[in-house]
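Visitor: By the count of this note's numbering, the sequence shown reaches residue 535 at its end, each step adding exactly one. In this text, a Cβ means the ideal position worked out from N, Cα and C, and glycines have one as well. Remember, predicted model here, so these are calculated numbers, not experimental data. Below is the structure I would like to discuss, written out as structure tokens.
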Amino acid sequence: MKTTTRTILFLLFTGFSICSLGQTPVLNSYPAASAVILLDFDGHLVTGTPWNYAGDINCSASGLTSEQITEVFNRVAEDFRPFNINITTEEAKYAAAPINRRMRVIITTSHEWYGTGAGGVAYINCFTWGNDTPAFVFSALFGFNIKNIAEASAHEAGHTLGLRHQSTYNSSCVKTSDYNWGQGSGEIGWAPIMGAGYYQNLTLWHNGPNSLGCTNYQTDLSIITNATNGFGFRTDDHNNNYAAATVAAFNGAGQFSINGVIEETSDEDLFSFTVSALGTFTLDAVPYNVGTGNSGSDLDLNIDLLDQTHTVVGTYNPGTQLNSVIDTTLSAGTYYLRVDGKGNMYAPEYGSLGSYSLLGTFTEGIILPLKELELKGNSEKNEHSLFWVVNSKEKIIAQKLERSSDGNYFLPIATPDKDTRNYSYTYLPQTPVQYRLIVEFANGKKSYSNVITLRPETIFKPKLNGNLITGKQLNVSCPEDFEYSIIDHTGKAITKGRIIKGSSSVEAGFLAAGIYIIRFTNGKGQWSEKFVKK
Numbered sequence: 002m003k004t005t006t007r008t009i010l011f012l013l014f015t016g017f018s019i020c021s022l023g024q025t026p027v028l029n030s031y032p033a034a035s036a037v038i039l040l041d042f043d044g045h046l047v048t049g050t051p052w053n054y055a056g057d058i059n060c061s062a063s064g065l066t067s068e069q070i071t072e073v074f075n076r077v078a079e080d081f082r083p084f085n086i087n088i089t090t091e092e093a094k095y096a097a098a099p100i101n102r103r104m105r106v107i108i109t110t111s112h113e114w115y116g117t118g119a120g121g122v123a124y125i126n127c128f129t130w131g132n133d134t135p136a137f138v139f140s141a142l143f144g145f146n147i148k149n150i151a152e153a154s155a156h157e158a159g160h161t162l163g164l165r166h167q168s169t170y171n172s173s174c175v176k177t178s179d180y181n182w183g184q185g186s187g188e189i190g191w192a193p194i195m196g197a198g199y200y201q202n203l204t205l206w207h208n209g210p211n212s213l214g215c216t217n218y219q220t221d222l223s224i225i226t227n228a229t230n231g232f233g234f235r236t237d238d239h240n241n242n243y244a245a246a247t248v249a250a251f252n253g254a255g256q257f258s259i260n261g262v263i264e265e266t267s268d269e270d271l272f273s274f275t276v277s278a279l280g281t282f283t284l285d286a287v288p289y290n291v292g293t294g295n296s297g298s299d300l301d302l303n304i305d306l307l308d309q310t311h312t313v314v315g316t317y318n319p320g321t322q323l324n325s326v327i328d329t330t331l332s333a334g335t336y337y338l339r340v341d342g343k344g345n346m347y348a349p350e351y352g353s354l355g356s357y358s359l360l361g362t363f364t365e366g367i368i369l370p371l372k373e374l375e376l377k378g379n380s381e382k383n384e385h386s387l388f389w390v391v392n393s394k395e396k397i398i399a400q401k402l403e404r405s406s407d408g409n410y411f412l413p414i415a416t417p418d419k420d421t422r423n424y425s426y427t428y429l430p431q432t433p434v435q436y437r438l439i440v441e442f443a444n445g446k447k448s449y450s451n452v453i454t455l456r457p458e459t460i461f462k463p464k465l466n467g468n469l470i471t472g473k474q475l476n477v478s479c480p481e482d483f484e485y486s487i488i489d490h491t492g493k494a495i496t497k498g499r500i501i502k503g504s505s506s507v508e509a510g511f512l513a514a515g516i517y518i519i520r521f522t523n524g525k526g527q528w529s530e531k532f533v534k535k
């Protein structure tokens, strides 16, 4: 039976205009694969499919720019990186694929034919039907939010491959939500792709109860790669055999660079490298991402450093970050790096898969270690107060503060004296600004601090539009998406929910007269306001 499955809807109806159309770039994630998922941003006429019960469907283009299309593609491609399937924007690749090994996901502003009850829609298992039945993602209903469009695209593609929703249940096996919304915050905040990942960074394929019942566990990876769909995991690119480990060879500058993919939960990639003398070894291990905070990553990297006897001498897996860093002293000899995907305090290990890059550097001789370099700051009105700690045995010879508006391009703002540890900066634009500190030492080494973001309170905090409530709704101005809870005078949480960026309303008609607090939270902080219900 062909069952229709509908995705979550985010009701984004006010203040949106269609972006100017951009040329769709030709993009392919794995051209060698015969199975194909086409992300169709150009518009498409749908005829002769089960969707056409009321006639032809003429879908307009996505309303996205070329840059936005590229980000959607990159996010979806990373979700499907472990598999032997090509995510593409190229119509010719779709046309050349076997008819029962291909899927078209139409990303379009045309939703009227289906209504406003879903942000996307797909038939379960239609990937193999062989009649070009597409899936749909309605870009305008997401307010052209790139992350949400990408999440919906991967989600709907998952339905076509046989997946139902990952759901949540209470201890009595009663369904609490058809969509698993995940948990946590920051870059390790997690949700299933087949749940609702709009508020979390780390969205993964999952092994959990689906919408059919609390004991009906859905192993997403095994369903995607089953024989019916006709494709499996990619061939392992780096094995875990010590005798045949991939050699990481240092170049003349004392560096090596390697890329890899963790294809399966059991996969471990092994690399060997040799140093000829005592010295400092550093490694930057970074999962694929589309921006700051490892945005769009699917892999929480764990790195083991082993000596020539295959004994682990260090394990590197920062608790609140997806990337890993090694900075250690090594004696002459051969060493190994073992790379795999792990879970964290929010995410299970299952589904922690995807691509990564390694950049290793070896400097012969002893360089006294940097023990601590941390930048902090706060914002009051237009003044940003910055302060930092540098703990190193090496002598500091210079410091430089830099700012950025996008996290990619930094401009210098000050060169404090080498003994200074604070600085105040007046920043007039009412937009977030990012800061970092660069410290130069007498040994010629430079170190970069963490990057901090300071936001003017006027653009960051949610705000009630009035604290005396006489009607049935609280009106809220939200600069971002937030979770909220309403708390009575005893401290009891009366109700909880989610509100989206823009002007939103919260149901308050059921509240008795009295004083309440509404508390807003997201991954960046918590804010509270008091209101009176008459």
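On a CA-only basis, which of Thr177, Lys531, Gln309 is nearest His490? Give me that one, please.
Guide: Measuring from the Cα of His490, the nearest candidate turns out to be Lys531.
Visitor: Within 10 angstroms of its Cβ, does Glu79 collect 16 or more other Cβ (buried), or is it exposed?
Guide: Glu79 is buried by the Cβ-count criterion.
Visitor: What is the DSSP secondary structure of Glu188, counted as helix, strand or coil?
Guide: Correct three-state label for Glu188: helix.
Visitor: Buried or exposed, going by whether 16 or more other CB atoms sit within 10 Å of the CB of Gln201?
Guide: Under this definition Gln201 is a buried residue.
Visitor: Determine contact between the stretch 78 to 96 and the stretch 24 to 35, defined as no fewer than three beta-carbon pairs at a distance below 8 Å.
Guide: Yes, they touch.
Visitor: Ends of the alpha helix (DSSP H) at Phe74?
Guide: From DSSP, the alpha helix (DSSP H) with Phe74 extends over 67 to 80.
Visitor: Following the continuous beta strand (DSSP E) through Ser154, name the residue where it begins and the one where it ends.
Guide: Element bounds for Ser154: not the beta strand (DSSP E) but the alpha helix (DSSP H), 147 to 161.
Visitor: Please report the distance separating the alpha-carbon of His166 from that of Leu39.
Guide: Rounded to whole angstroms, His166 to Leu39 spans 22 Å at the Cα level.
Visitor: Under a three-way DSSP split, which group does Ile263 fall into?
Guide: Ile263: strand per DSSP, three-state reduction.
Visitor: Please state whether DSSP places Ser380 in a helix, a strand or coil.
Guide: Residue state, collapsed to three classes: strand.
Visitor: To the nearest angstrom, report how far apart Ser223 and Asp57 are at their CA atoms.
Guide: Those two C-alpha atoms are separated by around 35 Å.
Visitor: Quick one: grab the DSSP three-state call for Lys447.
Guide: If DSSP states are grouped into helix, strand and coil, Lys447 belongs with the strands.
Visitor: For Val314, which residues from the same chain have a beta carbon less than 6 Å from its beta carbon, with the 5 sequence-adjacent residues on both sides left out?
Guide: Cβ within range, chain order: Leu306, Asp308.
Visitor: Can you tell which of Asp221, Thr247, Ile518, Tyr485 has its C-alpha closest to the C-alpha of Gly492?
Guide: Answer by Cα proximity: Ile518.
Visitor: With a 10 Å radius around its C-beta and 16 neighbouring C-beta atoms as the bar for buried, classify Thr15 as buried or exposed.
Guide: Since pLDDT at Thr15 reaches only 27, below the 50 mark, its modelled position is unreliable, and the value read off the structure follows with that caveat. That one is exposed.
Visitor: Using C-beta distances below 6 Å, list every residue in its chain close to Thr471, excluding the 5 sequence neighbours before and after it, in chain order.
Guide: Around Thr471: Lys535.
Visitor: Taking all protein chains shown into account, decide if Phe84 is buried (16 or more other Cβ within 10 angstroms of its Cβ) or exposed.
Guide: Buried: at least 16 other Cβ atoms inside 10 Å.
Visitor: Would Ile537 and His160 be called neighbours here (beta carbons separated by less than 8 Å)?
Guide: Because residue 537 is not part of the residues shown, which for the chain are 2 to 535, the question remains open.
Visitor: Keeping to the same chain, check which residues put their C-beta closer than 6 Å to that of Gln435; ignore five residues upstream and five downstream.
Guide: Closer than 6 Å at Cβ, skipping near neighbours: Ser405, Gly408, Val452, Thr454.
Visitor: Apply the 10 Å Cβ neighbour rule to Met346 and answer buried if 16 or more other Cβ atoms are within range, or exposed otherwise.
Guide: Per the 10 Å Cβ criterion, exposed.
Visitor: Measuring alpha carbon to alpha carbon, tell me which of Leu203, Ser186, His207, Trp191 ends up nearest Leu164.
Guide: For the residues Leu203, Ser186, His207, Trp191, the minimum Cα distance to Leu164 belongs to His207.
Visitor: I want to know whether the stretch 332 to 340 touches the stretch 237 to 252 - three or more CB-CB distances under 8 Å.
Guide: With a cut-off of 8 Å, the stretch 237 to 252 and the stretch 332 to 340 count as touching, because enough Cβ pairs lie within range.
Visitor: Is there contact between the stretch 412 to 429 and the stretch 462 to 479, where contact requires at least three CB pairs shorter than 8 Å?
Guide: Not touching, per the Cβ criterion.
Visitor: What's the gap between the Cα of Asp301 and the Cα of Tyr351?
Guide: Taking the straight line from one Cα to the other gives about 11 Å.
Visitor: What separation, rounded to the nearest whole angstrom, lies between the Cα atoms of Ser212 and Leu279?
Guide: So the two alpha carbons sit approximately 57 Å from each other.
Visitor: Determine the direct distance from the alpha carbon of Thr316 to that of Ile304, and round the result to whole angstroms.
Guide: One C-alpha to the other measures close to 6 Å.
Visitor: Of all the options Gly361, Pro319, Glu365, Ala155, which has the alpha carbon lying nearest to the alpha carbon of Ser332?
Guide: For the residues Gly361, Pro319, Glu365, Ala155, the minimum Cα distance to Ser332 belongs to Glu365.
Visitor: If contacts are defined as beta-carbon pairs under 8 Å, then Lys447 and Ile439 qualify, I think. What distance do you get, rounded to the angstrom?
Guide: Contact holds; Cβ gap of about 6 Å.
Visitor: Bridge partners of Lys292, per DSSP?
Guide: One detail in the question is off: residue 292 reads as Gly in this sequence, not Lys. Paired residue(s): Ser296.
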